[in-house]
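What follows is a short report on a single structure.
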């Protein structure tokens, strides 16, 4: 699937996480020696909703930037099943560590959109990440359950009920992990957003 663009190549890459082959869409500069910045795009949605697309990655690119968006396990040809803020967090952490090993001098920035907002908040603290931007992103799974009645069935299937499965919800509570020395966070959120509160 390699696609050539003016200054970059697009390619679908596969990496191993927890014995699963996980896929990601990568936009890499033609001259790999020029990579000064890496942007990890953490998608929203589930399944085909919110799929990582080339046009989205292009929004964060310049000639010195590698941009990559993991599909998460169980999505778009990745092995396993989507675990919604559980094992799929490893798909993010392993990818960032791999990129940091290959490009140790590059700045690493994360962008979390919708579902990806919480993906990033749950992972960015313990990684070599320089900054994090949460864009219309989920930051509280309890609030998501309360506000998004249309998603309650999916949340009960994938995570459980907030009262009966309190431990599962607590492990997905990102605010407890944000510390004074956490990388800087930029929050972009519309005041009239009805999808994510």
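Numbering (the UniProt record's numbering), first residue to last: 1 to 197.
Virtual Cβ for every residue (Gly too), placed ideally from N, Cα, C.
Judged by DSSP in its simplified three-state form, residue 37 adopts strand.
Under the three-state reduction of DSSP output, residue 120 falls in the helix class.
Spatial neighbours of residue 158 in its own chain (CB-CB distance under 8 Å, excluding positions within 5 residues in sequence) are listed in chain order as 82, 83 and 84. Each residue's CA atom was taken as its position, placing residue 164 and residue 170 some 12 Å apart.
Take residue 183, set aside five residues on each side of it, and the residues of its chain with a beta-carbon closer than 7 Å to its own are 124, 129, 130, 131 and 132, in chain order.
DSSP places residue 7 outside both helix and strand once states are collapsed to three, so it counts as coil.
The residue from 55, 99 and 57 with its alpha-carbon nearest to that of residue 108 is 99. Runs of the alpha helix (DSSP H) spanning 4 or more residues and lying entirely within the region 52-89 occur at 54-58, in chain order.
Beta-bridge annotation (DSSP): residue 13 is paired with 24.
Contact between the region 108-122 and the region 40-60 is present: three or more C-beta pairs spanning the two stretches fall below 8 Å. Using a Cβ-Cβ distance cut-off of 8 Å, the region 58-74 and the region 135-146 are not in contact, since fewer than three pairs of beta carbons, one from each stretch, lie closer than that value.
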